[in-house]
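Under this note's numbering, the first residue of the sequence shown carries the number 420, and numbering increases by one thereafter.
C-beta atoms are modelled at their ideal positions from N, C-alpha and C, and glycine is treated no differently.
Only a predicted model underlies this, so the values are computations on that prediction, with no experimental measurement involved.
Okay, so here's the structure we're looking at.
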Amino acid sequence: MRKIMKVALVISMAAALAAVPLACGGGDGIDSDSSDRNYVAREAITGTLASEKELDMSALDIIGRVKAGQYGLQDGLDDLVDQSMVLTSLIIDVAAPDEPPDMNLAEAQTLTEEYLRNRVHQLERALSAQSGEELEPLYMADKAELDGMRNRIVELLIMYSPDLEKTIQ
Numbered sequence: 420m421r422k423i424m425k426v427a428l429v430i431s432m433a434a435a436l437a438a439v440p441l442a443c444g445g446g447d448g449i450d451s452d453s454s455d456r457n458y459v460a461r462e463a464i465t466g467t468l469a470s471e472k473e474l475d476m477s478a479l480d481i482i483g484r485v486k487a488g489q490y491g492l493q494d495g496l497d498d499l500v501d502q503s504m505v506l507t508s509l510i511i512d513v514a515a516p517d518e519p520p521d522m523n524l525a526e527a528q529t530l531t532e533e534y535l536r537n538r539v540h541q542l543e544r545a546l547s548a549q550s551g552e553e554l555e556p557l558y559m560a561d562k563a564e565l566d567g568m569r570n571r572i573v574e575l576l577i578m579y580s581p582d583l584e585k586t587i588q
């Protein structure tokens, strides 16, 4: 879990660093504000999606181990609380850049914020589990809908830049 949190932190830091040249007035003197804003937003969204996917895979692993009795319920719930805090920081990361001028990126940014909030709610719902057997159904209740939202975000990113299809998770 600590490794995943470190990876998520590194990715969110990279997205924040991508915004530094804009904040410092960097640029090449050409009207690149639009492309800079698009770039910063794209990096924030793609970094966030990569971190979120790792968190989801980790949550499923934790739930599986709790359900199998290999991991205590309270320890599993504590790890899920940690994940909700990471997701909350990812919401801040993806919302921080100015709205990009590209309408597909702007929609992806807005949808990513909503998606991450729903993921936090998914974890909060799972935290109400009283046993390992309750944990999985509570976590999986809206999984298909969340996966659909995530897929829509990926589609929007690919519409913005088709070359992202090779790299986006």
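Would you mind giving the Cβ-Cβ distance between L474 and A545, rounded to the nearest angstrom? I have them listed as a contact below 8 Å.
-> Working through the sequence shown from its first residue, we reach residue 474 at position 55. Working through the sequence shown from its first residue, we reach residue 545 at position 126. For L474 against A545, the beta-carbon gap comes to about 13 Å, at or over 8 Å, which does not count as contact.
Using a Cβ-Cβ cut-off of 6 Å (strictly less than) and excluding sequence neighbours within five positions of G551, which residues of its own chain qualify?
-> If you number the sequence shown from 1, residue 551 lands on position 132. Hits under 6 Å: V485, K486, L492.
Out of M504, G483, T531, L506, which has the shortest C-alpha to C-alpha gap to E518?
-> If you number the sequence shown from 1, residue 518 lands on position 99. Measuring from the Cα of E518, the nearest candidate turns out to be T531.
Hey, quick one: how far does the alpha helix (DSSP H) through D512 stretch, first residue to last?
-> Taking the sequence shown and counting its residues from 1, the one referred to as residue 512 is at position 93. If you look at D512, you'll find it in the alpha helix (DSSP H) that goes 492-514.
8 Å Cβ cutoff, V505 in contact with chain B | Of the chains in the structure shown, none is chain B; there is only one protein chain.
Do you know offhand how far L468's Cα is from G488's?
-> As a position in the sequence shown, residue 468 is number 49, starting the count at 1. As a position in the sequence shown, residue 488 is number 69, starting the count at 1. So the two alpha carbons sit approximately 30 Å from each other.
Could you pull out every residue in the same chain whose Cβ sits closer than 6 Å to the Cβ of S547, ignoring the five residues on either side in sequence?
-> For this step, residue 547 is matched to residue 128 along the sequence shown. Hits under 6 Å: none found.
How close, in whole Å, do the beta carbons of L524 and Y579 come, if the pair is a contact with beta carbons under 8 Å?
-> Along the sequence shown, read from residue 1 onward, the residue named residue 524 stands at position 105. Along the sequence shown, read from residue 1 onward, the residue named residue 579 stands at position 160. The Cβ separation is near 5 Å, so the contact holds.
Mind the definition here: the region 549-565 touches the region 509-516 only if three or more C-beta pairs lie below 8 Å; say whether that holds.
-> Judged by Cβ distances under 8 Å, the region 549-565 makes no contact with the region 509-516, as fewer than three pairs qualify.
Under the rule that 16 or more other beta-carbon atoms within 10 Å means buried, what is P516, buried or exposed?
-> The residue you call residue 516 lines up with position 97 of the sequence shown. The residue is buried, with at least 16 neighbouring Cβ atoms inside 10 Å.
So E526 is in the alpha helix (DSSP H); what residue range does that whole segment cover?
-> Residue 526 sits at position 107 when you count from the first residue of the sequence shown. That run of the alpha helix (DSSP H) goes 522-545.
Excluding five sequence neighbours on each side, which residues of the same chain lie with their C-beta closer than 7 Å to the C-beta of S503?
-> Position 84 of the sequence shown, counted from the start, is the residue given in the question as residue 503. Excluding sequence neighbours, S503 sits near V539, L542, E543.
Any idea if D455 is buried or exposed, counting beta-carbon neighbours within 10 angstroms, 16 or more meaning buried?
-> Walking along the sequence shown from the start, residue 455 turns up at place 36. The residue in question, D455, is buried, as its Cβ has 16 or more Cβ neighbours within 10 Å.
Let me know the secondary structure DSSP gives D475 once reduced to three states.
-> Position 56 of the sequence shown, counted from the start, is the residue given in the question as residue 475. Helix.
Limits of the unbroken alpha helix (DSSP H) element including E553 | As a working note, residue 553 is residue 134 in the sequence shown. Here the alpha helix (DSSP H) through E553 covers 551-559.
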